[in-house]
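Contents: one structure, followed by commentary.
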Amino acid sequence: MRMEPHEFKLTEEGIKAVLPPLEAEIMEEMWRRKVATAGQIYEVLRIRHPELRRSTVSILMNRLCERGLLRRSVDKGRGGMRYVYSITTTREEFEEKVVKSILDALMSNFREATYAYLSKMKK
Amino acid sequence: MAMLPVLIGLEVLLAAVALSELGPWPLLLVSGTVLLIYLWVSLHGGREYTELQRGEMPWLYDGIAEMAGKADLPMPGVYLLDEYVPTAYSFRNAIVLSLGLFEVLDREEILAVAAHELGHIKNGDTRTFPLLAYSRHLMAFLTAVVVLLAGPIAGAAAMGLLILHEILRARFHKEREFAADETALRLLKTPVSLKRALEELKYYEDLREGLRSSAVPSLEPGIERKQRVPIIDTHPSYDERILRILLEIHGNNMFNNRVQ
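Sequence lines, in order, name chains Y and S. Per this note's numbering, the first sequence starts with residue 7, numbered consecutively. Per this note's numbering, the second sequence starts with residue 5, numbered consecutively.
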């Protein structure tokens, strides 16, 4: 399980800076719902992306499981067995991890400059 | 198919002649070992399935029952597999569908996949394929024994027979896949749903492949399962199958319409 981001895109907004755009949209929706099936997420996303296919959502949601942001489990409720996905972390916890990872990287690579800038920000 | 038993017979004969000085024991030992390994793997290598109860998904259960009736088959066991990658297969009189299928295909398309598996059952493939798997391992073991214990000429001949066996086995497998598709088309209420299912599965595979090739290895290692790349393909490509299905559904009209 790895939740920490490994890259940061300076030109992107919000969590799209650390996740590919569609995966970021899936996470936004998952943080709203907490638990959902790939089909439910597909129905929401295809309003914004009419060309989107079920396969894409399924692959990306499983990729988010690999990233440690989602958890996949088998639900044996009404309608038979199916996969349901749930969040492993809140949005706030994830953002905290992003900030921590970036600051850790800055501190180890540009310690003096980072200190100087942070102390300037405090003032 | 008729050539495959001939090749196996020739390989056994070759091994018997090449190893005649050692008596019948090497041959019996190899055959027995392969059989034991095969039986052990067959009995213990299975994955965890959950049998589908009608009440859970009546549309699927009834759909398969209807198609089985149409094919003069008893109702097969329908099992669900906890696997996120869409896949399906059959053994004896049973169909296995992965949960991943239910994420990427609609109901008609899932029934089309089940129809293809029913096609394998109807055409006797679920009896033939295990025999082929056994014969493949037997051929490989016999070749190894002949190469190791007999002279280079016998070894080369054994290798030649093994390669020929593999080529013919792959061709046979491909023919059976096409035949299962043809049977499925006859069983389905909406034959074109099989084409749609294959298109979606092809899209899934292509996207997965695309992600794998575009990903930075250190960043994106997990999503892809390790896949063995076979030297000789035993399955036709999705495109080949889709083309055959289109020809089956539209016949020559497909080309005539295009010309018009």
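C-beta: ideal position from N, C-alpha, C; glycine also.
Handout entry: Neighbour flag for arginine 39 of chain Y against chain S, beta carbons, 9 angstroms
Key = For the purposes of this step, residue 39 of chain Y is identified with residue 33 of the first sequence, where counting begins at 1. No, arginine 39 of chain Y does not count as interfacial toward chain S.
Practice task
Return the first residue and the last residue of the beta strand (DSSP E) that phenylalanine 95 of chain S is part of.
Solution key: By one-based count along the second sequence, residue 95 of chain S stands at place 91. Start and end: 92–95.
Handout entry: glycine 73 of chain S versus methionine 79 of chain S - alpha carbon distance
Key = Numbered from its first residue, the second sequence carries residue 73 of chain S at position 69. Numbered from its first residue, the second sequence carries residue 79 of chain S at position 75. Cα-Cα distance, rounded: 7 angstroms.
Problem - Own chain, CB closer than 7 angstroms to tryptophan 63 of chain S, minus 5 neighbours either side, in chain order - result: Your numbering for residue 63 of chain S matches position 59 in the second sequence. The residues are Arg111.
Handout entry: C-alpha gap between phenylalanine 182 of chain S and leucine 247 of chain S, whole angstroms
Key = Mapped onto the second sequence, residue 182 of chain S falls at position 178. Mapped onto the second sequence, residue 247 of chain S falls at position 243. Going by the C-alpha atoms only, they are around 11 angstroms apart.
Problem - Where alanine 183 of chain S sits in the DSSP three-state scheme - result: Translated into the one-based positions of the second sequence, residue 183 of chain S becomes position 179. Correct three-state label for alanine 183 of chain S: helix.
Exercise for the section: Could you name the residues of chain S that methionine 87 of chain Y contacts, counting a contact when the two beta carbons are closer than 9 angstroms? Expected result: To locate residue 87 of chain Y, count along the first sequence from 1; it is residue 81. Within 9 angstroms Cβ-Cβ: Thr54, Leu56, Glu60, Met61, Leu84, Asp86, Leu103, Phe106.
Practice task
List the whole-angstrom C-beta distance separating glutamate 107 of chain S from alanine 122 of chain Y, where the pair is believed to meet the contact cut-off of C-beta under 8 angstroms.
Solution key: Taking the second sequence and counting its residues from 1, one reaches residue 107 of chain S at position 103. Taking the first sequence and counting its residues from 1, one reaches residue 122 of chain Y at position 116. In fact, because the Cβ distance is near 50 angstroms, the residues do not count as touching under 8 angstroms.
Exercise for the section: Let me know the beta strand (DSSP E) ranges lying completely inside the region 26–107 of chain Y, each 3 residues or longer, listed in chain order. Expected result: 76–81, 88–93
Practice task
Give the secondary structure of valine 100 of chain S by DSSP, where H, G and I count as helix, E and B as strand, and everything else as coil.
Solution key: Here residue 100 of chain S corresponds to residue number 96 of the second sequence, with the count starting at 1. It is a strand residue.
Handout entry: Those residues which DSSP pairs with tyrosine 83 of chain S across a bridge
Key = Counted from its first residue, the second sequence places residue 83 of chain S at position 79. For tyrosine 83 of chain S, which the question treats as bridged, DSSP gives the partners S:Glu55, S:Val100.
Problem - Proximity winner among S:Pro195, S:Tyr208, S:Ile157, relative to glutamate 252 of chain S (alpha-carbon distances) - result: Sequence index remark: in the second sequence, residue 252 of chain S carries index 248 (1-based). The candidate whose alpha carbon is nearest that of glutamate 252 of chain S is S:Pro195.
Handout entry: Straight-line gap, valine 117 of chain S to alanine 92 of chain S (C-alpha atoms, nearest Å)
Key = Along the second sequence, read from residue 1 onward, the residue named residue 117 of chain S stands at position 113. Along the second sequence, read from residue 1 onward, the residue named residue 92 of chain S stands at position 88. C-alpha separation (whole angstroms): 7 angstroms.
Exercise for the section: State yes or no: is the C-beta of leucine 166 of chain S within less than 9 angstroms of the C-beta of leucine 23 of chain S? Expected result: Residue 166 of chain S sits at position 162 when you count from the first residue of the second sequence. Residue 23 of chain S sits at position 19 when you count from the first residue of the second sequence. Result no, Cβ atoms of leucine 166 of chain S and leucine 23 of chain S do not sit closer than 9 angstroms.
Exercise for the section: Would you kindly report the start and end of the unbroken alpha helix (DSSP H) that includes lysine 74 of chain S? Expected result: Stepping through the second sequence from its first residue, residue 74 of chain S is reached at position 70. Looking at the DSSP string, the run of the alpha helix (DSSP H) that includes lysine 74 of chain S is 62–74.
Problem - 9 angstroms Cβ cutoff, leucine 215 of chain S in contact with chain Y - result: Counting from one through the second sequence, the residue named residue 215 of chain S turns up at place 211. Yes, contact with chain Y.
Practice task
Compare the C-beta of leucine 198 of chain S against all C-beta atoms of chain Y and say whether one is closer than 9 angstroms.
Solution key: Residue mapping note: residue 198 of chain S aligns to position 194 of the second sequence, counting from 1. Judged by the 9 angstroms Cβ criterion, leucine 198 of chain S is not in contact with chain Y.
Exercise for the section: Rounded to whole angstroms, what's the CA-CA distance from tryptophan 44 of chain S to serine 102 of chain S? Just pull it up for me. Expected result: Your numbering for residue 44 of chain S matches position 40 in the second sequence. Your numbering for residue 102 of chain S matches position 98 in the second sequence. Near 24 angstroms, if we compare the C-alpha coordinates of serine 102 of chain S and tryptophan 44 of chain S.
Exercise for the section: Could you give the DSSP three-state label for valine 108 of chain S: helix, strand or coil? Expected result: For the purposes of this step, residue 108 of chain S is taken as residue 104 along the second sequence, with counting starting at 1. DSSP places valine 108 of chain S in helix when its eight states are reduced to three.
Practice task
Under 6 angstroms Cβ to Cβ from leucine 189 of chain S, same chain only, skipping five residues before and after it: list those, please.
Solution key: Indexing the second sequence from 1 puts residue 189 of chain S at position 185. Result list for leucine 189 of chain S: Pro195, Glu252, in chain order.
Problem - Host alpha helix (DSSP H) of valine 149 of chain S (start-end) - result: Residue 149 of chain S sits at position 145 when you count from the first residue of the second sequence. Note, valine 149 of chain S: alpha helix (DSSP H), 129–153.
Exercise for the section: Spell out whether any CB of chain Y is found under 9 angstroms from the CB atom of arginine 212 of chain S. Expected result: In the second sequence, the residue the question calls residue 212 of chain S occupies position 208. True, the Cβ-Cβ gap to chain Y drops below 9 angstroms.
Practice task
Count the other C-beta atoms from every protein chain shown that fall within 10 angstroms of the C-beta of serine 61 of chain Y, then say buried if there are 16 or more, exposed otherwise.
Solution key: Within the first sequence, the letter at position 55 stands for residue 61 of chain Y. Flag for serine 61 of chain Y reads buried.
Exercise for the section: Could you list which residues in chain Y have their beta carbon closer than 8 angstroms to that of glutamate 204 of chain S, in chain order? Expected result: Position 200 of the second sequence holds residue 204 of chain S. Neighbours of glutamate 204 of chain S on chain Y, chain order: Arg59, Arg60, Ser61.
Exercise for the section: Output yes or no for whether 9 angstroms exceeds the beta carbon distance between leucine 124 of chain Y and threonine 95 of chain Y. Expected result: Position 118 of the first sequence holds residue 124 of chain Y. Position 89 of the first sequence holds residue 95 of chain Y. For leucine 124 of chain Y and threonine 95 of chain Y, no; Cβs fall outside 9 angstroms.
Exercise for the section: Would you list, in chain order, the members of the region 68–81 of chain Y that have their beta-carbon closer than 7 angstroms to a beta-carbon of chain S? Expected result: Asn68, Arg69, Glu72, Arg78, Val80
Exercise for the section: Determine the burial state of valine 41 of chain Y: buried for a count of at least 16 other Cβ atoms within 10 Å of its Cβ, exposed for fewer. Expected result: What you label residue 41 of chain Y is simply residue 35 of the first sequence in a count that begins at 1. Result: exposed.
Handout entry: Reduced DSSP secondary structure (H/G/I, E/B, other) of threonine 238 of chain S
Key = Position 234 of the second sequence, counted from the first residue, corresponds to residue 238 of chain S. Three-state result, threonine 238 of chain S: coil.
Exercise for the section: Note the first and the last residue of the continuous alpha helix (DSSP H) segment covering valine 16 of chain S. Expected result: Taking the second sequence and counting its residues from 1, the one referred to as residue 16 of chain S is at position 12. Per DSSP, valine 16 of chain S belongs to the alpha helix (DSSP H) from 7–22.
Problem - Minimum Cβ-Cβ distance from alanine 44 of chain Y to chain S less than 9 angstroms - result: The residue given as residue 44 of chain Y occupies position 38 in the first sequence. True, the Cβ-Cβ gap to chain S drops below 9 angstroms.
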